[in-house]
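Residue numbers (full-length UniProt numbering): 1 to 425.
From the three backbone atoms N, C-alpha and C, an ideal C-beta is built for every residue, glycine too.
Notes follow the structure.
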């Protein structure tokens, strides 16, 4: 009964989150930016590698400025890119045919952005507010830009061109009045927040929303363990936990952005936890450990076959052969290590990083890269060593449970052989 209730509750939650147009738009708007995030991560890594001969080389070759410009154009502009992506996804979800909407959202975002030097004769945007610090504002700007645009278009308060006018010309004029309204609203909001103690909407939302959310996720291993527990339980009960990414993704990428900026500047990395840390502690380490345990400790035909086909994909972050081949769903034998190992890695990894025993992850999120590489690409051999240690520990945790599962499969296979022999005789 309890199991059925949990499955029903999880399924309903998945339907609610998956059916929520705002969360769906945020998720679809953020994910296409992964290449930008990864490129920025590598540029930040190469600019900040604490290796004397490498630093001398990039300084003498003039590469520092180039690498820092790549960071500035990628990581330090994520707020702008997220705004564009979310506005585009939300407009598409509303079936709003307007190519200008995501561009208009960027214009509104920049209209709200504080200047680096307000006294200067020309506008000079502060990068501080264009990157991860502006993500929460970007989400609101994207959503409200689309809402305002759609409301005006639906009310038919638009400029209509004569029949026969090319679509690209007609659409431009249709967008003109909604565009004016969006920018006027942005100007009013900027002026109103200029009268508050914060001075601008970015610092207001950053202090009221983003800092508390970051505090909950960043450097809070208990919150991460609870989140991972829910994720693993959903898998066990046959519910795909992908919908949870839309809830945590922006904050986790924001933490990575903060860490990248600090690493590139040669400053202490502020947060242990981020997407890079989370990926390493779960996908990069747990999946290979699970696969290797199956390959090493199985004698039954089913698990030996699963072990052979799952090891290589597992090292690249692909878990489907394990999840559906062992299987994980509704399997009490592997449910225990499946749930325990990620949380064990989170706790041990957090303690090792926060105590200074190993370095902190520099925020370089590289999906589908194998363990060790994830540690090295985050700027430290110590992280690679820690990942190997956790991998071995996870294999040992899985070992007795895989053997119990294997024993059951061997008995089932023996019974099947006996039954077949009995039928033949």
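Between the stretch 135 to 153 and the stretch 65 to 72, do three or more beta carbon pairs fall short of 8 Å? no
According to DSSP, which residues form a beta bridge with residue 115? 125
Which runs of the alpha helix (DSSP H), 4 residues or longer, sit entirely within the stretch 69 to 118? 78 to 93 and 100 to 112
Pair every Cβ in the stretch 338 to 358 with every Cβ in the stretch 309 to 320, then say whether three or more of these pairs are closer than 8 Å. no
Given that a residue counts as buried once 16 or more other Cβ atoms are within 10 Å of its Cβ, and exposed if not, what is residue 401? buried
Could you check what DSSP says for residue 269 in three-state terms: helix, strand or coil? coil
Buried or exposed (CB count within 10 angstroms, at least 16 for buried), residue 119: exposed
Can you check whether the CB of residue 186 is closer than 8 Å to the CB of residue 111? yes
Indicate whether the contact test is met: 3 or more Cβ pairs, each with one atom in the stretch 288 to 303 and one in the stretch 257 to 272, closer than 8 Å. no
Give the list of continuous alpha helix (DSSP H) stretches no shorter than 4 residues that lie fully inside the stretch 291 to 376. 301 to 315, 320 to 325, 332 to 355 and 373 to 376
Could you check the C-alpha separation between residue 90 and residue 410 for me, to the nearest Å? 52 Å
Continuous alpha helix (DSSP H) stretch holding residue 279: start and end: 275 to 279
Cα-Cα separation between residue 254 and residue 73, rounded to whole angstroms: 16 Å
Where does residue 165 fall in DSSP's three states? coil
For residue 155, which option in 32, 174, 339 and 396 has the closest C-alpha, if you only look at C-alpha atoms? 174
Excluding the 5 residues flanking residue 368 on each side, which residues of the same chain have their C-beta closer than 7 Å to its C-beta? 316 and 317
I need the DSSP call for residue 49, collapsed to helix, strand or coil. coil
With three or more C-beta pairs closer than 8 Å as the rule, is the stretch 357 to 376 touching the stretch 21 to 30? no
On the premise that residue 366 lies in contact with residue 383, defined as a C-beta separation below 8 Å, what is that separation, rounded to the nearest angstrom? Not really, about 12 Å apart at Cβ, beyond 8 Å.
I need the straight-line Cα distance from residue 126 to residue 115, nearest angstrom please. 5 Å
Taking Cβ to Cβ, would you say residue 131 is nearer than 8 Å to residue 48? no
Go ahead and label residue 298 buried or exposed: buried means 16 or more other beta carbons lie within 10 angstroms of its beta carbon, across all protein chains shown. buried
Assign residue 59 to one of two classes, buried (16 or more other C-beta atoms within 10 Å of its C-beta) or exposed (fewer than that). exposed
Measuring only the C-alpha atoms, how far is residue 93 from residue 181? 22 Å
Quick check: what's the CA-CA separation for residue 208 versus residue 300? 56 Å
For residue 199, the three-state DSSP class (helix, strand or coil): coil
Using the Cα positions of residue 331 and residue 197, report the straight-line distance between them to the nearest angstrom. 56 Å
Measure from the alpha carbon of residue 236 to the alpha carbon of each residue in 192, 333 and 183, then state which is nearest. 333
Less than 8 Å between the C-beta atoms of residue 82 and residue 30, yes or no? yes
Exposed or buried, which one is residue 149 when buried takes at least 16 other CB atoms within 10 Å? buried
Option in 225, 103 and 157 with minimal Cα separation from residue 138: 103
Cβ-based burial, residue 195 [other Cβ within 10 Å; buried from 16]: exposed
Can you tell which of 157, 189, 188 and 169 has the C-alpha that lies nearest to the C-alpha of residue 178? 157
Integer-rounded CB distance, given that residue 363 should sit under 8 Å from residue 274: 5 Å
Residue closest to residue 37, alpha-carbon to alpha-carbon, out of 418, 391, 252 and 100: 252
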